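J.:
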Amino acid sequence: MNYEEFYASLSPLGSNLKASANSVSKYQKMILRDADTGNLSDMRKCLDALKEASAALEDSIDAYENAISGFDVAGYFESGDFARQLLSSCEEKGVDVKGEKGIYEMFPFKIRISSETQEVYMNRKKLQSCRPSYIAETVHVNQDKLNKALFKTGPFLSELADAYEITCLRSGARIGSSQMLTKIYKSLVPMSRARKEYDMQAFAFDLARLYEAGPEEWIDSKTGQHYTFGTSRDGKSGIRVLGKTGVETYILTFSMINTAED
47 MNYEEFYASL
57 SPLGSNLKAS
67 ANSVSKYQKM
77 ILRDADTGNL
87 SDMRKCLDAL
97 KEASAALEDS
107 IDAYENAISG
117 FDVAGYFESG
127 DFARQLLSSC
137 EEKGVDVKGE
147 KGIYEMFPFK
157 IRISSETQEV
167 YMNRKKLQSC
177 RPSYIAETVH
187 VNQDKLNKAL
197 FKTGPFLSEL
207 ADAYEITCLR
217 SGARIGSSQM
227 LTKIYKSLVP
237 MSRARKEYDM
247 QAFAFDLARL
257 YEAGPEEWID
267 SKTGQHYTFG
277 TSRDGKSGIR
287 VLGKTGVETY
297 ILTFSMINTA
307 ED
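Counting from 47, one number per residue, gives the positions in the sequence shown under the working numbering.
1) Going by CA-CA distance only, name the one from F153, L203 and V287 that's closest to K268.
2) Within this structure, are the beta carbons of V185 and C136 separated by less than 9 Å?
3) Taking 7 Å as the limit between beta carbons, can you name the residues of its chain near S55, skipping five residues before and five after?
4) Mind checking which residues open and close the alpha helix (DSSP H) that includes G276?
5) Along the chain, where does the alpha helix (DSSP H) that runs through L196 open and close?
6) Since Y167 sits in a beta bridge, which residues does DSSP pair it with?
7) Does DSSP put Y210 in a helix, in a strand, or in coil?
8) With 16 as the cutoff for other CB atoms within 10 Å, does M237 come out buried or exposed?
9) DSSP puts Y150 in a beta bridge; with which residues?
10) CB of H272 to nearest heavy atom of the ligand GDP: below 8 Å?
11) Whose C-beta lies closer than 6 Å to the C-beta of F52 among residues of the same chain, with five residues either side of it excluded?
12) By how many angstroms is the C-alpha of R216 removed from the C-alpha of M152?
13) Rounded to the nearest angstrom, what separates E307 and S223 at their Cα positions?
14) So V70 is in the beta strand (DSSP E); what residue range does that whole segment cover?
15) Where T277 and C214 are concerned, what is the direct C-alpha to C-alpha distance, given to the nearest angstrom?
16) Helix, strand or coil for R90, going by three-state DSSP, please let me know.
17) Identify whether M302 lies in helix, strand or coil by the three-state DSSP scheme.
18) Which of helix, strand or coil does DSSP assign to M237?
19) Under 8 Å, with one C-beta from each stretch per pair, do the stretch 244–257 and the stretch 288–298 reach the 3-pair mark?
20) Does DSSP put T228 in a helix, in a strand, or in coil?
21) Below 9 Å between beta carbons: does that hold for S125 and S66?
22) Is it a yes or a no for the stretch 260–275 touching the stretch 190–206, going by three-plus beta-carbon pairs under 8 Å?
23) Which of the three DSSP states is assigned to S135 in this structure?
24) Would a C-beta distance cut-off of 9 Å place V70 and L96 closer than the cut-off?
25) Pick out whichever of K91, G84, K282 and R130 has its Cα sitting closest to the Cα of S72.
26) How many Å lie between C176 and M89 at the Cα?
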C-alpha cells in the first residue's frame with residue numbers, strides 16, 4: 047500500500063466535493079438574497095437548483111467516504127509499508143534517521159509508530175496523520191526552526207554547571223569528578239512535570255549545540271571554571287547528539303577540569 051497513490055486517487059473526488067459544496071453555498075446565498083428582496087419567483091428556481099446541488103453533494107460525500115473506507119489503515123501500518131515510506135520520505139528530505147522497529151530518532155525528535163493503534167508520536171505529541179511524507183516534512187520543518195533559533199552557549203553552560211555541582215553533592219562525589227549527563231539532567235530539571243516541557247530530547251539538542259561550539263565555549267564566564275565532556279562509543283549509555291554536518295557523537299559525562307583562581 048502507498049498513501050501517495052491513495053492521495054492521488056482522492057484528487058478528482060475532492061474536486062467534485064468542492065464543486066458540489068460551492069454550488070450548495072451559492073444557491074443558499076441566492077435564496078437568502080431573494081427572501082430579503084422579496085423575489086419569490088427566483089427563490090423557487092433557486093430552491094429547485096439547491097435540491098439538485100444538495101443531491102450532487104451527497105453523492106460526492108458518499109464517493110469520498112467509500113474511498114476512505116477502502117483504504118486499510120490497519121493493514122498499512124501492520125505490513126510495515128507506512129514505516130518504509132516514512133523512512134524513504136525522510137531520506138528524500140535529508141532527515142537523518144536512527145533506530146528500527148517503529149522507534150526512530152530524527153534528532154532531536156523521537157518518532158514512535160504504533161501499529162496496533164495506527165498512531166504516530168513525535169516525542170510526546172500525537173501527529174494526526176498517516177501520510178509519511180507529511181510527517182517527514184513536519185520533522186524537517188521543526189528541525190529547521192530549532193537550528194535557526196538563537197542559542198547562547200554561556201547561559202546554558204552556567205545552568206549545566208550548577209546542575210553538575212548539585213549532582214556531585216547528591217552523590218557525595220568531589221567537585222571535579224565526572225558525572226553522567228543523564229543524572230545532571232535530573233538535577234537540571236528536578237520536577238517531572240517540567241520534564242514534559244524540557245524533555246531529554248530538548249536537552250540533547252542543547253548539548254549538541256554546546257558540544258559543537260568547542261572547548262573555547264566550555265568556560266563559565268561568571269566563574270572562570272573550565273569544563274569538559276566525556277564521550278562513549280556505547281549508544282546505550284551515552285546521549286546521542288548530531289552536529290550540523292551530520293557527525294554523530296554519544297556524550298556520556300560532564301566534569302570540571304580546573305577551578306578559578308582567586
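Don't be surprised by glycine CBs; every beta carbon is placed ideally from N, CA and C. Computed from a predicted structure; not experimentally measured.
T.: By the coordinates alone:
1) Checked all of F153, L203 and V287; the closest Cα to K268 is L203.
2) yes
3) A113
4) It is not in any alpha helix (DSSP H) - G276 instead sits in the beta strand (DSSP E) that spans H272 to S278.
5) Unbroken run through L196: none, as it is neither H nor E.
6) Paired residue(s): R158 and K172.
7) helix
8) exposed
9) Y150 is bridged by DSSP to G145 and I157.
10) Here there are no bound small molecules, and the ligand GDP is not part of this structure.
11) F117
12) 33 Å
13) Here the model assigns E307 a pLDDT of 44, short of 50, so the residue's position is not dependable, and the following value carries that caveat. Their Cα atoms are separated by approximately 19 Å.
14) No beta strand (DSSP E) holds V70; the alpha helix (DSSP H) holding it covers Y49 to T83.
15) 19 Å
16) helix
17) Of the three classes helix, strand and coil, the one that applies to M302 here is strand, per DSSP.
18) coil
19) yes
20) helix
21) no
22) Touching, yes, given that three or more Cβ pairs across the two stretches are closer than 8 Å.
23) helix
24) yes
25) Going by the sequence as given, residue 72 is Lys instead of Ser. Minimum Cα distance to K72 is reached at K91.
26) 44 Å
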